[in-house]
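Residue numbers 1 to 152, in the UniProt record's numbering, belong to the letters of the sequence shown in order. The block underneath contains the structure these notes are about, expressed in structure tokens.
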Amino acid sequence: MVKLTEVEDEHFTQEKPQPSKHDVLLASDDEDDYTDTESEISEQSDEELDSESFLDRLSALQDMIPPSARRSFTSSVSAVTNLTKSSLSFSGKALWILSTSAFLVGVPWALAYAEEEQYIQLEREQGMIKGANDMLTPGMAPSDEQKAQSTI
């Protein structure tokens, strides 16, 4: 909870201003005390804004946020950052393990499978050749058939 306290200016503590008509403290009957503060402020602020960078302005905003809120924001950002780093690290290591395992196991298996397919294809071709030979020479005995294949 915020508690407000009134702090009086030194100028007002020495001489208390008397309220004028309509209970306005700042209105004065004397025109001598009037100064054009608007132009002085605008000239100063223009010079300050020109020399001030965006990073300076951004860093000045940290005073507006209470320290407890800054701490909680910083801790949540660091937690998210650490979680992201650890998950990326874990996924990279897992991807490396899976890819190397696939190469070490998958490539030899693929080569063995291709070799087996070649053997099956060769047996089919030999069976087709045998069937064609049987059709061409239907009257030969099995022993004659073996002799004919050995001569081919």
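Beta carbons are placed, not taken as given, at the ideal position from N, Cα and C, and that holds for glycine.
Query raised in the report: Does DSSP classify Glu6 as helix, strand or coil?
Result: What you label residue 6 is simply residue 6 of the sequence shown in a count that begins at 1. Looking at Glu6 - three-state DSSP - the assignment turns out to be coil, as it is neither helix nor strand.
Report task. Give me the Cβ distance between Arg70 and Gln62, rounded to the nearest whole Å; I'm assuming they're in contact under 8 Å. Result -> In the sequence shown, the residue the question calls residue 70 occupies position 70. In the sequence shown, the residue the question calls residue 62 occupies position 62. Correct: roughly 7 Å between the Cβ atoms.
Query raised in the report: Does DSSP classify Lys53 as helix, strand or coil?
Result: Reading the sequence shown from its first residue, position 53 is the one you call residue 53. The identity of residue 53 in the sequence shown is Ser, whereas the question assumes Lys. Coil.
Report task. Express the C-alpha separation of Leu55 and Met1 in angstroms, rounding to a whole number. Result -> Taking the sequence shown and counting its residues from 1, the one referred to as residue 1 is at position 1. Taking the sequence shown and counting its residues from 1, the one referred to as residue 55 is at position 55. Roughly 31 Å separates the two Cα atoms.
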